[in-house]
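Residue numbers (my numbering), protein chains in the order written: chain A, 1 to 239; chain B, 1 to 524; chain C, 1 to 287.
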């Protein structure tokens, strides 16, 4: 007879391992692979014959590769079976954290590969761009987590990816006093990276705040103008 | 059930004959989808940012996004052959938003599983695709409107010169349309949500690749927006941009992507196939037409104007000054004359009446992107003026003019480093509305203290810390008093070799701390 | 009555599975019920008749139009209202916008008339009050009615409804029946369902399908009559019965070939349906 293991670290560890296998299989591999492939292809483009990238181009390519990676990570929490899996005993932060934990080493390895694909001459300081990439990735995950929290839909990825892209464009338009996209050797480089670090922290905080499943639904007073529904909304088929 | 059965409206009978009514159904769908696009938050945000950015650029004259404050001052004197092109870059913003959202909209019925139902409705899948593509048209029209307002605003400025090109103006709406149609095509080729954002980033790299990495003219022009900027405005006939071919290329490409999307959704009618062939031909013709670089004739004409502007210029005499302007700039003579008379008004009789020639020069040999530099002229009394005007260009011109007036010719004027700098800077700035502000504007480091480089249309000149101090002090004093002193001591003030300390003394400024060389900048 | 839809020899295979095998049928004005167990081919038949998929073989006409040609298919689609099984929705659209969207795809071009028509069908399915509400805020029953409104918009002469009452509570099902009865007036309605009560209450004709074949075509009374003398009551489950179950009153209701002197009961449509399936070798239902 099947028993749900409660208590006991060994039992919990076994349950986690079993869950890890299942989560591994349902990760959004197509999105992740497409994003990873696109990012790597961009970086590899700098090694094409006839290209002589300088530090500025190297930085640009790495930033765009990081953005591509972020777009892939935005789909991390996509779960077509969300309406079913929401009610299992394993809590949402554990399931989401497991997805993160499974993808994080892959993402790190991918980023290292992307860094080395850019020729050394064109490679900006690795620590600084890695910070940028980490902030972009964390931002993508945080947007997806926020979408799960706010809308609880099976596929938050598409919306999160759009939002990430919109934020990236917004970063281009930032006035110089909040500039994030400092070119290499710019006097603002250090300051800009302090902003990136702050962004990374904010993204992590947002992510942590959004992951737990709310115990009760908050209904702001503003929404009371709508008359109460005669019957509650039901989940849609095939969304 | 409380409702009663009502008879359906007689007018709701579906469109009977193919042709007109079916096309109207597609238009109705396009309208519906356009309204839905406008409700997408990404489109809404980018739409607003685009509009605000364009309005801000119109007012400030800046092209960049980053400068939130300050005015370049050149917006009042646009060259329309550049202003038309400047409308293009910001349209990409709206284009990206529409690429993403049109893609999302075209995938909606697949994502939300209504395809099974919609597939049995009267409108064929390819007509639905057409409706999605056409839903971008209102946004393209809007961007066309923005472009028209922006260009019209520039063209109506009293200081506007030159001629715009309607083909350059068409690039913004065409780019928006291209992006939207590409989004729809992508939805039909790769029906997944992550394709569009990824492709947006990837194509950004590819476009950068063709613009930044590649040097060849023909790949550069494959990008929808080719914003060549950086150089001084050139006469319209020397611009040499294949704008008409590029507009044809974009139109052909839009039609080609649209036809591909229609064919992909099963629209295999003879008309669509013919349109595909036509679009392919138009795209190919556009590419072929826009690919060649500047022709030999154009390069010869550019060299001719760069080296011998007098061969094409028209000259007008006003007072003691002759103004020679390129044909499109003759309307600016009055603005130049105003600056010239302001400088002359501070000089004494003989100097004030000295014949001068203002010669307009433009460096066209390096195309639209070369940052031009001009060698100072050696002919006596000939002063260079560029093709830009307004803002800092005015005090720069005044400084060049004043140095020529003091030293005799432009080359000698650029080499002035002794006490004469004081007289030069007084002439240049003394009669301006905000002399200290103009001093800051004309200096490379925007300062009013310490030594710095002073910009002129040609080589510029150096100001020492001492000279700056004296000039700033003069600019603080009442204009009439200083003017009288300068006119009275003119000969001595403009004698070659006079020290800055002596000049200060002649003008009654405390000459302390001017240093060993008497405050001159000759050895700096 | 005039025949509005007639089909013959419809055959469709999915891989190795025969979904439709030489199906022939004739529909008249009014409501025809389509009964059958899961996998009987009901949905496939409806999809073929709704021009969603072409059949591998066979032909059919709807109101004289042959969907085998492009022009014919367009003509069929212009007379067709289709409510698919588990219809999809665009949750961010309002009920009005969704039905309007479908109306546009049905090529109703005149904007004012189209909006009038959308309002009319939404009123007809009793959704006039919530037409401005987003579909994601509607209950399952309301959504089903939105889908029905989408099928009804444009006043189609031929309605294909695939399990329209699935997932509805009894009250909603009653409202739906009322609605479908009304819409059946002057139209040809083909209604697929698992609910024999629906058929008994709504339909003037019934078709039973199993294994891709039509097993029965006739009136509900004829289907019920198939069970005449083949339903009986007993204190214990009768081992000779094809199917039997304990009723709320405590006695067993048996369907099959009764023993001598059995206490015969009045048959229902469901009995006739079960026996029809059983007679044709389809899986018997034992409850």
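Just so it is clear, CB atoms sit at the ideal spot from N, CA and C, and this is done for glycine as well.
Write down every uninterrupted run of the alpha helix (DSSP H) in the region 360–438 of chain B whose length is 4 residues or greater and which is fully enclosed by it, in chain order.
393–407, 410–414, 420–429
Does any C-beta atom of chain A lie closer than 8 angstroms to the C-beta of residue 323(B)?
Under the Cβ criterion of 8 angstroms, residue 323(B) is not counted among the residues facing chain A.
Is residue 121(B) helix, strand or coil by DSSP?
coil
The ligand NAD heavy atoms versus the CB of residue 137(A): any closer than 7 angstroms?
The ligand NAD is absent from the structure shown, which contains no ligands of any kind.
Which parts of the region 115–193 of chain C are runs of the alpha helix (DSSP H), unbroken and 4 residues or longer, counting only runs that do not cross its ends?
For the region 115–193 of chain C, whole alpha helix (DSSP H) runs of length 4 or above, ordered along the chain, are 140–152, 170–183.
Spatial neighbours of residue 140(B) within its chain, please: C-beta separation below 7 angstroms, excluding the five flanking residues on both sides.
173, 176, 177
Supposed close pair residue 107(C), residue 122(B) - CB separation, criterion 8 angstroms
5 angstroms
Taking the alpha helix (DSSP H) that residue 239(B) falls in, what are its first and last residues?
Unbroken run through residue 239(B): none, as it is neither H nor E.
With 7 angstroms as the limit, tell me which residues of the region 36–53 of chain C have their beta carbon closer than that to any beta carbon of chain D; keep them in chain order.
Included in the structure are the protein chains A, B and C, with no chain D among them.
Would you list, in chain order, the members of the region 109–124 of chain B that have their beta-carbon closer than 7 angstroms to a beta-carbon of chain C?
Hits within the stretch, in order: 112, 113, 114, 116, 117, 118, 119, 120, 121, 122, 123.
Among the candidates 192(A), 115(A), 54(A), whose CA atom is the shortest distance from the CA of residue 177(A)?
Closest by alpha carbon: 192(A).
Please tell me whether residue 29(B) has its Cβ less than 8 angstroms away from any Cβ of chain C.
yes
Do you know whose CA, among 23(C), 155(C), 245(C), 93(C), lies nearest residue 271(C)'s CA?
245(C)
If you scan the region 46–100 of chain C from start to end, which runs of the alpha helix (DSSP H) of 4 or more residues do you find wholly inside it?
70–78
Chain C contact residues for residue 32(B), given Cβ-Cβ distances below 9 angstroms
What residue 32(B) touches in chain C: 97, 100, 101, 104.
C-alpha distance - residue 44(A) paired with residue 127(B), whole-angstrom precision
40 angstroms
Can you check whether the C-beta of residue 169(A) is within less than 8 angstroms of a C-beta belonging to chain B?
yes
Assign residue 84(B) to one of two classes, buried (16 or more other C-beta atoms within 10 Å of its C-beta) or exposed (fewer than that).
buried
Taking Cβ to Cβ, would you say residue 32(C) is nearer than 8 angstroms to residue 226(C)?
Taking the C-beta atoms as reference points, residue 226(C) is found no nearer than 8 angstroms to residue 32(C).
Distance CB(residue 381(B))-CB(residue 357(B)) smaller than 8 angstroms:
yes
Any idea what DSSP makes of residue 114(B), helix, strand or coil?
coil
Spatial neighbours of residue 32(A) in its chain, beta-carbon cut-off 6 angstroms, leaving aside the 5 residues before and after
72
Whole-angstrom distance between residue 477(B) and residue 484(B), CA atom to CA atom
Their backbone Cα atoms lie some 12 angstroms apart in a straight line.
Using three-state DSSP, classify residue 78(A) as helix, strand or coil.
coil
Rounded separation between residue 494(B) and residue 375(B) - CA only
23 angstroms
At the 8 angstroms Cβ level, is residue 233(B) part of the contact set with chain C, yes or no?
no
Below-8 angstroms beta-carbon distance, residue 61(A) vs any chain B residue:
Yes, contact with chain B.
Using a Cβ-Cβ cut-off of 6 angstroms (strictly less than) and excluding sequence neighbours within five positions of residue 65(C), which residues of its own chain qualify?
72, 75, 76
In terms of residue numbering, what span does the beta strand (DSSP E) encompassing residue 3(C) cover?
That run of the beta strand (DSSP E) goes 3–14.
Could you pull out every residue in the same chain whose Cβ sits closer than 8 angstroms to the Cβ of residue 51(C), ignoring the five residues on either side in sequence?
67, 73, 76, 77, 80
Same chain, Cβ closer than 8 angstroms to residue 217(B), five either side skipped, listed in chain order
291, 292, 293
Kindly indicate which residue of 60(A), 48(A), 202(A) has the alpha-carbon position closest to the one of residue 183(A).
60(A)
Compare the C-beta of residue 99(B) against all C-beta atoms of chain A and say whether one is closer than 8 angstroms.
no
Taking C-beta to C-beta, are residue 184(B) and residue 97(B) nearer than 8 angstroms?
Contact: no.
Please confirm whether residue 405(B) and residue 347(B) have their CB atoms less than 8 angstroms apart.
yes
Anything in chain B within Cβ reach of residue 157(A), meaning under 8 angstroms, just list it in chain order.
Per Cβ cutoff of 8 angstroms: 193, 194.
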